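The structure appears right after this line, and notes come after that.
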Amino acid sequence: MTEGLTGTAGDATEAPGPAAAARIRGVALERLPEDLYIPPDALEVLLDAFEGPLDLLLYLIRRQNLDLLDIPVAEITRQYLAYLELLHELRFELAAEYLAMAAWLAEIKSRLLLPRPPCSDEDSEPEDPRAELVRRLQEYERYRRAAEDLDALPRLERDVFAASAALPRHERVREPPHVELGELLGALREVLARAELHASHRVGREPLSIRARMSEILVRVDAVQFTRFTELFHAGEGRLGVVVTFIAVLELVR
Numbered sequence: 002m003t004e005g006l007t008g009t010a011g012d013a014t015e016a017p018g019p020a021a022a023a024r025i026r027g028v029a030l031e032r033l034p035e036d037l038y039i040p041p042d043a044l045e046v047l048l049d050a051f052e053g054p055l056d057l058l059l060y061l062i063r064r065q066n067l068d069l070l071d072i073p074v075a076e077i078t079r080q081y082l083a084y085l086e087l088l089h090e091l092r093f094e095l096a097a098e099y100l101a102m103a104a105w106l107a108e109i110k111s112r113l114l115l116p117r118p119p120c121s122d123e124d125s126e127p128e129d130p131r132a133e134l135v136r137r138l139q140e141y142e143r144y145r146r147a148a149e150d151l152d153a154l155p156r157l158e159r160d161v162f163a164a165s166a167a168l169p170r171h172e173r174v175r176e177p178p179h180v181e182l183g184e185l186l187g188a189l190r191e192v193l194a195r196a197e198l199h200a201s202h203r204v205g206r207e208p209l210s211i212r213a214r215m216s217e218i219l220v221r222v223d224a225v226q227f228t229r230f231t232e233l234f235h236a237g238e239g240r241l242g243v244v245v246t247f248i249a250v251l252e253l254v255r
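Each residue of the sequence shown is one higher than the one before, starting from 2 at the first, in our numbering.
So, in structure tokens, the structure goes:
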């Protein structure tokens, strides 16, 4: 960019000066320092990021519109190794799976160069060394497309946002009704009158007689000759039954 210097009225316009090499905080710098060092890869930007070796292979194949069922292994291997070399030059740490894929591609390439043994069965064809690679690439592509379809669906807090507006709360205050004292007294009399109409049923316990218990003990002893004390009364009689039975036994012993 050139800048013109315009003088005051009556002065001639000067020729544009040389462009500044750089600007530091708005100050033009005409010459760069001689001891300034700029790394050779300082302005290099790696645009393609891959999620794994299969993603990289699929990118190399689709970029050249190659048939996935007829992969030129030699060319793809060359491009794959060139990409790994680029990552190495940029000092990126390579994952082990990238190196394992490079070794596998080299193995497939060498197997394609070797002569294939004759097949004993005329109907069957010799196995293609690329078959397993093609199968894995096809499977990976299916999963990647499914992931892209899922990612394209509307997502909460990204494409769809839930309404956060809260409805105002309207509390209704009910005032107590105005009641006279005479009305309260009348209602109380009516409640008491209704309560007298309902007679409650009370279950009473039959009184325990010592003489009756003595008779029961004599009948039982005559029948079995021997019995336990706990068999002479019922558990439902409680403490009163125990006391009455014990007194009856004492009376019989005396």
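Note that the Cβ used here is the ideal one computed from N, Cα and C, for glycine as well.
Being a predicted model, the structure only gives us computed values, none of them experimental.
Would you tell me roughly how many angstroms separate the C-alpha atoms of E158 and E149, rounded to the nearest one?
-> Within the sequence shown, the letter at position 157 stands for residue 158. Within the sequence shown, the letter at position 148 stands for residue 149. Rounded to the nearest angstrom, the two C-alpha atoms are 18 Å apart.
Compute the distance between the beta-carbons of Y99 and L82, then report whether it is under 8 Å.
-> As a working mapping, residue 99 is identified with position 98 in the sequence shown. As a working mapping, residue 82 is identified with position 81 in the sequence shown. Contact: no.
Out of curiosity, what's the CA-to-CA distance linking E142 and L154?
-> The residue you call residue 142 lines up with position 141 of the sequence shown. The residue you call residue 154 lines up with position 153 of the sequence shown. So the two alpha carbons sit approximately 19 Å from each other.
Continuous beta strand (DSSP E) stretch holding A29: start and end | Reading the sequence shown from its first residue, position 28 is the one you call residue 29. Residues 28-30.
Buried or exposed: where does A163 fall if 16 or more other Cβ atoms within 10 Å of its Cβ makes it buried?
-> As a first step, residue 163 must be located in the sequence shown, where it is residue number 162. Looking at its Cβ environment, which holds fewer than 16 other Cβ atoms inside 10 Å, A163 is exposed.
When the Cα atoms are used, what is the spatial distance from R112 to E133?
-> Here residue 112 refers to the residue found at position 111 when the sequence shown is read from its first residue. Here residue 133 refers to the residue found at position 132 when the sequence shown is read from its first residue. Rounded to whole angstroms, R112 to E133 spans 13 Å at the Cα level.
Would you tell me roughly how many angstroms separate the C-alpha atoms of R182 and A188, rounded to the nearest one?
-> As a first step, residue 182 must be located in the sequence shown, where it is residue number 181. As a first step, residue 188 must be located in the sequence shown, where it is residue number 187. As written in the sequence, residue 182 is Leu, which differs from the Arg given in the question. Straight-line Cα distance between these residues: approximately 10 Å.
For S111, does the three-state DSSP call read helix, strand or coil?
-> The count along the sequence shown starts at 1 and reaches residue 111 at position 110. Helix.
Apart from the five residues just before and just after V46, which ones in its own chain have a Cβ nearer than 7 Å to its Cβ?
-> Along the sequence shown, read from residue 1 onward, the residue named residue 46 stands at position 45. Low confidence applies here, because V46 scores a pLDDT of 45, under 50, leaving its location unreliable and the question unanswered by this model.
In angstroms, rounded to a whole number, what distance separates the CA positions of P34 and H89?
-> Residue 34 sits at position 33 when you count from the first residue of the sequence shown. Residue 89 sits at position 88 when you count from the first residue of the sequence shown. Roughly 31 Å between the two C-alpha positions.
E238 beta carbon less than 8 Å from that of L209 = Residue mapping note: residue 209 aligns to position 208 of the sequence shown, counting from 1. Residue mapping note: residue 238 aligns to position 237 of the sequence shown, counting from 1. Their beta carbons are under 8 Å apart, which means L209 touches E238 by this criterion.
Which value, in whole angstroms, describes the spacing of the CA atoms of L168 and L151?
-> Translated into the one-based positions of the sequence shown, residue 168 becomes position 167. Translated into the one-based positions of the sequence shown, residue 151 becomes position 150. Cα-Cα distance, rounded: 34 Å.
Determine the extent of the alpha helix (DSSP H) in which P54 is found, giving its start and end residues.
-> Taking the first residue of the sequence shown as 1, we reach residue 54 at position 53. 54-64 is the span of the alpha helix (DSSP H), which, as asked, contains P54.
Considering only residues of the same chain and omitting the five flanking positions on each side of T78, which have a CB-CB separation below 6 Å?
-> Numbered from 1 along the sequence shown, position 77 holds the residue referred to as residue 78. Excluding sequence neighbours, T78 sits near L106, K110.
Under the assumption that V74 contacts R26 (Cβ atoms under 8 Å), give the Cβ distance between them as a whole number of angstroms.
-> Within the sequence shown, residue 74 is the residue found at index 73, counting from 1. Within the sequence shown, residue 26 is the residue found at index 25, counting from 1. With 8 Å as the limit, V74 and R26 do not qualify as a contact, their Cβ atoms being about 55 Å apart.
E52 versus R145 - alpha carbon distance = Indexing the sequence shown from 1 puts residue 52 at position 51. Indexing the sequence shown from 1 puts residue 145 at position 144. Here the alpha carbon of E52 sits roughly 11 Å from the alpha carbon of R145.
Would you tell me roughly how many angstroms separate the C-alpha atoms of A236 and E217, rounded to the nearest one?
-> The residue given as residue 236 occupies position 235 in the sequence shown. The residue given as residue 217 occupies position 216 in the sequence shown. Across the structure, A236 and E217 are spaced so that their CA atoms are roughly 16 Å apart.
Who are L106's beta bridge partners in DSSP?
-> Locating residue 106 in the sequence shown gives position 105, counting from the first residue. For L106, which the question treats as bridged, DSSP gives no partner whatsoever.
8 Å Cβ shell around D56 - same chain, five flanking residues per side excluded = What you label residue 56 is simply residue 55 of the sequence shown in a count that begins at 1. Cβ neighbours of D56 beyond the five flanking positions: Y141, R145.
Compute the distance between the beta-carbons of V330 and I62, then report whether it is under 8 Å.
-> The requested residue 330 is not part of the displayed model; the chain covers only 2 to 255.
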